[in-house]
Amino acid sequence: MYKKRGIALPLRLATVFGAFATLLLFVVACAPSADFAPGSSTPLTAFDEAEVRVAVSLERTQSGDFLLSATFTPLRAGFHLYSKDIPAKGIDGVGRPTLLALPADSPLQASGPLTENLAPQTPPVDPRELLIYPAGPVILSLPVKLPAGDKSQKIEILITYMSCNGTTCLRPVIQKAVSVQVPGADQIPPLESLP
């Protein structure tokens, strides 16, 4: 009986270790790659704050340009975000714009205007100039030029938003500095070198 236990325990450990190694290999093989092929998207960071999930990614367009994108998803059903184009302090203290921005001294530079995937709507109540996005997620994208060099760089991005429904507004998040790692321009193969 003792010998069986002596053999069975290492055998069970070997089985568990083998299963773990297989799972680890699967996870690594299925992880998103940062090859930055045209049409690809690489996650940079994600966080939840003030009942909104924010997921930031770096995308390469089919033409080879880069977009810094953020998906803002209210976690409460029926809650909306405000248009990127409303005043920074809202109107009469109500609302805050949904923004993805770069500090002025960032090595990652904006190369075009901030765009949105949804058209803002006029709210059903005053102030009507306080444009809102439909309830649910909204994606903002900022065309960017990668920093020079062949090394990745840690940069900061600035995130602003406020989530509300018809009766309640949650705490605004204003110019939250979030650190992300971006590649240097020389790390990215030019389009003509890709298959």
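Mind the numbering: the sequence shown is residues 1148 to 1342 in the numbering used here, read in order. Glycine residues also receive a C-beta, built at the ideal position from the N, C-alpha and C atoms. Quick caveat, the model's predicted, so the values are computed rather than measured.
| How should E1339 be labelled, buried or exposed, when 16 other C-beta atoms within 10 angstroms of its C-beta is the threshold for buried? | Counted from its first residue, the sequence shown places residue 1339 at position 192. For E1339, the number of other beta carbons within 10 angstroms of its own is below 16, and it is reported as exposed.
| task | Note down the Cα distance separating K1323 from G1242, rounded to an integer number of angstroms. | result | Mapped onto the sequence shown, residue 1323 falls at position 176. Mapped onto the sequence shown, residue 1242 falls at position 95. Each residue's Cα considered, the two are about 16 Å apart.
| query | Looking at C-beta atoms only, is the number of pairs between the stretch 1294-1303 and the stretch 1213-1228 that lie closer than 8 Å three or more? | reply | Three or more Cβ pairs closer than 8 Å define a contact, and the stretch 1294-1303 falls short of that threshold against the stretch 1213-1228.
| query | Going along the chain, which residues of its own chain have a beta-carbon closer than 8 Å to the beta-carbon of Q1268, five neighbours each way excluded? | reply | Indexing the sequence shown from 1 puts residue 1268 at position 121. Spatial neighbours of Q1268 in its own chain (CB-CB distance under 8 Å, excluding positions within 5 residues in sequence) are listed in chain order as L1278, I1279, Y1280, P1281.
| request: Label S1288 either buried or exposed according to how many other C-beta atoms from any shown protein chain fall within 10 Å of its C-beta, with 16 as the threshold for buried. | output: The residue given as residue 1288 occupies position 141 in the sequence shown. Here S1288 is buried: its Cβ has 16 or more other Cβ atoms, across all protein chains shown, within 10 Å.
| said: For R1207, report the span of its beta strand (DSSP E) as first-last. | reply: On the sequence shown, position 60 is the one that residue 1207 refers to. Counting along the chain, the beta strand (DSSP E) containing R1207 begins and ends at 1199-1207.
| query | What did DSSP end up calling D1232 once you bin it into helix, strand or coil? | reply | In the sequence shown, counting from the first residue as 1, residue 1232 sits at position 85. Here D1232 sits in coil by DSSP.
| message | Is it buried or exposed, S1210, if we count other Cβ atoms within 10 angstroms and call 16 or more buried? | response | Residue 1210 sits at position 63 when you count from the first residue of the sequence shown. Burial call: exposed.
| task | Please determine, among G1313, N1312, V1327, the residue with the shortest C-alpha to C-alpha distance to I1302. | result | Taking the sequence shown and counting its residues from 1, the one referred to as residue 1302 is at position 155. That would be V1327, whose Cα lies nearest to the Cα of I1302.
| task | Find out if the Cβ-Cβ distance for the pair V1203, T1220 is shorter than 8 Å. | result | On the sequence shown, residue 1203 is found 56 positions in, with the first residue counted as 1. On the sequence shown, residue 1220 is found 73 positions in, with the first residue counted as 1. Contact: no.
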